[in-house]
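Residues in the sequence shown are numbered consecutively from 9, following the working numbering.
The C-beta atom is built at its ideal place from N, Cα and C for all residues, glycine as well.
Following: one structure in structure tokens, then a few remarks.
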Amino acid sequence: MTKQLLFYENAVPVNSERHRSWCLEQQGDYAYTSQSNVVPLTAVEFPFAAMEYSIVFVGTEEAPTPVVLLGVKPEENLYLEDGHRWKARYIPAFVRRYPFVFSQGAEANSYTLCIDESYGGWNQQGRGQALFDGEGKGSEFLEGMMKFVTDYQREIARTSAFCERLKQLDLLDAMSARFKLPNGEDAEVKGFMAVSREKLIQLPGDTLVELAGNGMLELIYAQLLSMRHFGELIGSLQGEHSS
Numbered sequence: 009m010t011k012q013l014l015f016y017e018n019a020v021p022v023n024s025e026r027h028r029s030w031c032l033e034q035q036g037d038y039a040y041t042s043q044s045n046v047v048p049l050t051a052v053e054f055p056f057a058a059m060e061y062s063i064v065f066v067g068t069e070e071a072p073t074p075v076v077l078l079g080v081k082p083e084e085n086l087y088l089e090d091g092h093r094w095k096a097r098y099i100p101a102f103v104r105r106y107p108f109v110f111s112q113g114a115e116a117n118s119y120t121l122c123i124d125e126s127y128g129g130w131n132q133q134g135r136g137q138a139l140f141d142g143e144g145k146g147s148e149f150l151e152g153m154m155k156f157v158t159d160y161q162r163e164i165a166r167t168s169a170f171c172e173r174l175k176q177l178d179l180l181d182a183m184s185a186r187f188k189l190p191n192g193e194d195a196e197v198k199g200f201m202a203v204s205r206e207k208l209i210q211l212p213g214d215t216l217v218e219l220a221g222n223g224m225l226e227l228i229y230a231q232l233l234s235m236r237h238f239g240e241l242i243g244s245l246q247g248e249h250s251s
């Protein structure tokens, strides 16, 4: 990930004066994700995402972050089809919350709701969902997005706790994959981590009971099972090169 906020270009605080007449028209166009081959994932999403994506961890061993793989080459998203529609049934919350995002204030747990003003779905002609009513009060749509982003922020904290436990148990191993393209060229995907099956089965029984009780074991198995989709991504890439 080259940018901390990926496809956010110009996030500014929502303001009833500046954005009084702004409306959001969303038509299922996810072109803004076309340059992202990963997007962050929260722990609560693992069971849903594992059905259609590979879940891996990026960052460092000290601060791993779960993501879903959208492509195996930089700046590609193989989950977009013609018209920039999303292929998979489940769309990660990081994608769905766009163009909204929180910015963190100077104090702990202090956040301000922002929007990416560069998003092409904004207009001031009344098309789509209005951010404010005629009196400058936040609309139901804006309140709904505030709740969505607030819930998302809460899940980030839970996800951080999960990653911290994985680190404590030393369950993550660096991974890489090599494969050949139809033209004979060698390709490699690296720079990510995944749960080690070998380390998992060697955990003491009481630790496994702990992980089962707090729900983390389910997340671990979801990540392991999700890796079966990795071959599908490589297959998509190979098909692209052979066409």
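Exercise. Using a threshold of 7 Å, is the CB atom of K207 nearer than that to any non-hydrogen atom of the ligand ADP?
Worked result: In terms of ligand content, the structure shown is empty, and the ligand ADP therefore cannot be addressed.
Problem set entry | Complete runs of the alpha helix (DSSP H) confined to the stretch 199-236 [at least 4 residues] | For secondary structure counted as the alpha helix (DSSP H) over 4 or more consecutive residues, the stretch 199-236 holds these complete runs in sequence order: 205-209, 213-221 and 224-234.
For this session: Check the C-beta distance from N131 over to E17 and give it rounded, since I have them as a contact under 8 Å.
Result: 17 Å between Cβ atoms; not a contact.
For this session: Consult DSSP for S251 and reduce its assignment to one of helix, strand or coil.
Result: In this predicted model, S251 has a pLDDT of only 46, less than 50, meaning its place in the structure is not dependable enough to derive any value.
Exercise. With 16 as the cutoff for other CB atoms within 10 Å, does G79 come out buried or exposed?
Worked result: By the beta-carbon neighbour count (other beta carbons within 10 angstroms, threshold 16), G79 is buried.
Exercise. Beta-carbon separation of Y106 and Y40 under 8 Å?
Worked result: Pairing Y106 with Y40 gives a Cβ-Cβ distance under 8 Å.
Exercise. For L233, which residues from the same chain have a beta carbon less than 8 Å from its beta carbon, with the 5 sequence-adjacent residues on both sides left out?
Worked result: Same-chain partners within the cutoff: A58.
For this session: Please report how far the alpha carbon of S147 lies from the alpha carbon of F140, in whole angstroms.
Result: When rounded, the distance between both Cα atoms is 5 Å.
Exercise. When the cut-off is 8 Å and only beta carbons count, does P21 lie next to chain C?
Worked result: Of the protein chains in the structure, only one exists, and it is not chain C.
Problem set entry | DSSP bridge partner residues for S62 (one or two, in chain order) | Looking at the DSSP assignment, S62 forms a beta bridge with L77.
Problem set entry | One or two residues paired with T2 in a DSSP bridge | Residue numbering for the chain in the displayed model covers 9 to 251; residue 2 lies beyond these limits and cannot be assessed.
Exercise. If T50 and I164 are in contact, beta carbons under 8 Å, what's the gap, nearest whole angstrom?
Worked result: Rounded to whole angstroms, the Cβ separation of T50 and I164 is 6 Å, and the two are in contact under 8 Å.
Exercise. With 16 as the cutoff for other CB atoms within 10 Å, does V76 come out buried or exposed?
Worked result: Under this definition V76 is a buried residue.
For this session: Evaluate the contact criterion for the stretch 198-209 versus the stretch 173-180: three or more CB pairs, one atom per stretch, below 8 Å.
Result: A contact exists between the stretch 198-209 and the stretch 173-180.
For this session: Going by DSSP, name the residue or residues bridged to N131.
Result: Residue pairing by DSSP puts N131 in a beta bridge opposite C31.
Exercise. Hey, Y229 and Q161 are a contact pair by Cβ (cut 8 Å); roughly how many whole angstroms apart?
Worked result: 26 Å between Cβ atoms; not a contact.
For this session: Let me know the secondary structure DSSP gives G146 once reduced to three states.
Result: Looking at G146 - three-state DSSP - the assignment turns out to be strand.
Exercise. Can you give, in chain order, each stretch of the beta strand (DSSP E) that sits fully within the stretch 170-199 and has at least 3 residues?
Worked result: DSSP runs (the beta strand (DSSP E)) wholly in the stretch 170-199: 180-188.
Exercise. For E240, which of helix, strand or coil comes out of DSSP?
Worked result: Here E240 sits in helix by DSSP.
Problem set entry | Backbone secondary structure at T10 - three-state DSSP | In this prediction, T10 scores a pLDDT of 34, lower than 50, which makes its location untrustworthy; the coordinate-derived value is nonetheless stated afterwards. T10 falls in the coil class under three-state DSSP.
For this session: Tell me, please, which residues DSSP counts as bridged to A19.
Result: In the DSSP output, where bridge partners are listed per residue, A19 has D124.
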